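Working notes for the structure below.
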Amino acid sequence: MAPKFKKIVIPAGGQRITIKNKKLSIPNKPIIPVIEGDGIGRDIMKATRIVLDAAVKKAYKGRKKIAWMDVYAGENAFKLYKEWIPQETFDAIKYYYVALKGPLTTPIGGGFRSLNVTLRQVLNLYACVRPVRFFKGVPSPVKAPEKMDVCIFRENTEDVYSGIEWKKGTKDAKKVINWINKNMKKNIRLDSGIGIKPISVKATKDLVRKAIQYAIEHKLKSVTLMHKGNIMKYTEGAFRDWGYQLAAKEFPIRTITEDQLWDKYKGKQPKNKIVIKDRIADSMFQQILTRTDEYDVIATPNLNGDYMSDAAAAQVGGLGMAPGANMADFIGLFEATHGTAPKYADKNMVNPGSLILSGVMMLEYLGWDKAATMIVKAVEKTIIKKTVTYDLHRMMKGAKKLSTSKYAEAIISNMK
Ligand code: NAD
17 MAPKFKKIVI PAGGQRITIK NKKLSIPNKP IIPVIEGDGI GRDIMKATRI
67 VLDAAVKKAY KGRKKIAWMD VYAGENAFKL YKEWIPQETF DAIKYYYVAL
117 KGPLTTPIGG GFRSLNVTLR QVLNLYACVR PVRFFKGVPS PVKAPEKMDV
167 CIFRENTEDV YSGIEWKKGT KDAKKVINWI NKNMKKNIRL DSGIGIKPIS
217 VKATKDLVRK AIQYAIEHKL KSVTLMHKGN IMKYTEGAFR DWGYQLAAKE
267 FPIRTITEDQ LWDKYKGKQP KNKIVIKDRI ADSMFQQILT RTDEYDVIAT
317 PNLNGDYMSD AAAAQVGGLG MAPGANMADF IGLFEATHGT APKYADKNMV
367 NPGSLILSGV MMLEYLGWDK AATMIVKAVE KTIIKKTVTY DLHRMMKGAK
417 KLSTSKYAEA IISNMK
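Under the working numbering, think of the first position of the sequence shown as 17, with each following residue one higher.
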């Protein structure tokens, strides 16, 4: 049953996305909840909505349209509800499945780690999805940035995200150390801090399944399990083993291992088969630099994924252009990967690229590929013409500096 909202206004004429045969069924006017975000969220969300609307209008000649539905989180929620994220925001995203989100400030003394982490935990958004690709003309610190086109699936609920720690010297730390030393016959020094990180079969398999599905949908050649299993055998190593098990059990026709590629197919990858490989985390960092184009999808536990997403983004010009999504089985919350940059808030100055490209991911998730491609090409053209926001402007010779809103207008005028 549709939730009853106190403050959220359901847009007239909008339709709900539903699930049919375990797939999203997308109407022509889907209701999309949107969290504007704090700080620069206000600037970049405005720009993003007009770019997305223009592309959808142009691609489908008015047959399709996003019915945006404002939902509240962060500062605007606190003003309206005296709560940082009201229940009806969670209800709306759960009920309508696909949502767009700007960055949120972490309130000091709010009683929780961060609003973003709360959203991910309450909605069980177990996969953090970060595609990283190069846009021609964006300044990059490497020689061949165009070789990067990788999508990172980072586990979003456990490993260090549900890590448990005890501070050195506390009663609890001593208790834990003494218990382990005595009962497990170990020899931990008493002046140690202690941390525990869990990695489960369920969360690993949910993540790897999503990564393989993505590779299938996007017709990609490989999925790499990135782990530190040579040292941490029963967490990181188990992640690798469970990943291989899932691929063999749930995708036996569509996947082969790297060993099978050589033993059975003499190194010649058959069409329609995805190679599942694994790399130790340190080697993965080398490989993404030196053999960048050998990687399509990387699936990895939380902490490795945190490092790898930013390192890969740095190779193609930084976080300003890096989109992201946090996803469950069906829910997709598409969001900018940077924060609220309060120094620049309401100045109409910053780069809306990350949120616009997250919007592109959202359009692809809806199956509206024509509009998505239109935006990607227009962004490319806008950058090649050297019309960019201040962050790229200061790194590009002979570029013209545009405000956030003018940059959005330039993207729209470059759409074909
Ligand atoms: P930040 O990403 O907000 O900003 C760091 C710096 O990056 C800025 O000062 C600016 O120079 C640059 N920058 C960021 N976005 C940009 C853009 N779109 N265009 C041009 N330059 C850009 O990181 P921070 O200062 O560490 O965090 C500020 C607040 O944002 C904190 O409250 C933090 O908790 C929150 N935060 C939220 C999210 C999220 O909502 N997903 C993510 C990270 C941080």
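By construction, the Cβ of each residue, glycine as well, lies at the ideal position given by its N, Cα and C atoms.
The model shown is predicted, which means the values in this text are computed figures rather than measured ones.
Where does residue i sit, in a helix, a strand or coil, going by DSSP?
| i | result |
| --- | --- |
| K22 | coil |
| Q276 | helix |
| I85 | It should be pointed out that residue 85 corresponds to Met in this sequence rather than to Ile. Strand. |
| A388 | helix |
| D175 | helix |
| H243 | strand |
| L382 | helix |
| K413 | coil |
| V154 | coil |
| E181 | strand |
| G57 | helix |
| Q31 | strand |
| V332 | coil |
| R358 | As written in the sequence, residue 358 is Pro, which differs from the Arg given in the question. In the structure shown, P358 sits in a helix (DSSP, three-state: H, G or I). |
| P368 | coil |
| I101 | coil |
| K204 | In the sequence on display, residue 204 carries Ile and not Lys. I204 falls in the coil class under three-state DSSP. |
| P161 | helix |
| I296 | strand |
| T271 | strand |
Going by DSSP, which residues form a beta bridge with residue i?
| i | result |
| --- | --- |
| M238 | This sequence places Ser at residue 238; Met is not what is there. Partner(s): V291. |
| K117 | I51 and E351 |
| I168 | R146 and I314 |
| M343 | A143 and G348 |
| S41 | T34 |
| G283 | Paired residues: none, contrary to the question. |
| H124 | Correcting the residue type first, residue 124 is Ile in the shown sequence and not His. Per DSSP, none; premise fails for I124. |
| P214 | According to DSSP, P214 bridges with nothing at all. |
| T403 | K416 |
| I428 | The partner list for I428 (beta bridge, DSSP) is empty, contrary to what the question assumes. |
Is the Cβ-Cβ distance between residue i and residue j less than 8 Å?
| i | j | result |
| --- | --- | --- |
| V148 | Y230 | no |
| S156 | V404 | no |
| I232 | A263 | no |
| F169 | E104 | no |
| C144 | G340 | yes |
| T220 | G259 | yes |
| I215 | T251 | yes |
| V166 | A328 | yes |
| R47 | P27 | Looking at the sequence provided, one finds Ile at residue 47 rather than Arg. The answer is yes: Cβ separation under 8 Å. |
| F150 | M164 | yes |
| I66 | A424 | yes |
| R136 | N342 | yes |
| I391 | A83 | no |
| G209 | K191 | no |
| R111 | K23 | Residue identity differs from the one stated: residue 111 is Tyr in this sequence, not Arg. No, Cβ-Cβ distance for Y111 and K23 is not below 8 Å. |
| V158 | M337 | no |
| L116 | M431 | no |
| L418 | T64 | no |
| A415 | K402 | yes |
| Y311 | T240 | yes |
| I60 | V376 | no |
Quick check: is any heavy atom of ligand 2 less than 7 Å from the C-beta of residue i?
| i | result |
| --- | --- |
| K359 | What this structure holds is ligand 1, not ligand 2. |
Alpha carbons only, please: which of the options is nearest the one belonging to residue i?
| i | options | result |
| --- | --- | --- |
| T122 | S130, F346 and M248 | S130 |
| W100 | I82, L120 and K74 | L120 |
| T108 | M431, K73, T316 and L349 | Before going further, note that residue 108 is Ala rather than Thr in the sequence given. Closest by alpha carbon: L349. |
| G78 | Y423, E252 and A387 | A387 |
| S238 | D309, T173 and Y177 | D309 |
| N9 | V138, G253, L96 and G57 | For residue 9 there is no data in the structure shown, the boundaries of the chain being 17 and 432. |
| A315 | Q302, N288, D326 and R295 | R295 |
| L335 | P368, D257, I193 and I347 | P368 |
| K81 | K235, I56, K45 and K402 | K45 |
| L5 | I60, L371, V395 and E380 | Any answer about residue 5 is impossible in this case: the structure gives the chain only from 17 up to 432. |
| D222 | F255, S208, E162 and S421 | F255 |
| R58 | R410, A352, M390 and N430 | A352 |
| R146 | I427, L373, S419 and M411 | L373 |
| V291 | M17, D322, K235 and N246 | K235 |
| T273 | Q285, Y281 and K293 | K293 |
| G29 | T356, N194 and M85 | M85 |
| E171 | A357, A344, A93 and V366 | A344 |
Let me see if you follow: with CB-CB separation under 8 Å, is residue i close to chain B or not?
| i | result |
| --- | --- |
| P157 | Absent from the structure is chain B; it holds one protein chain and no more. |
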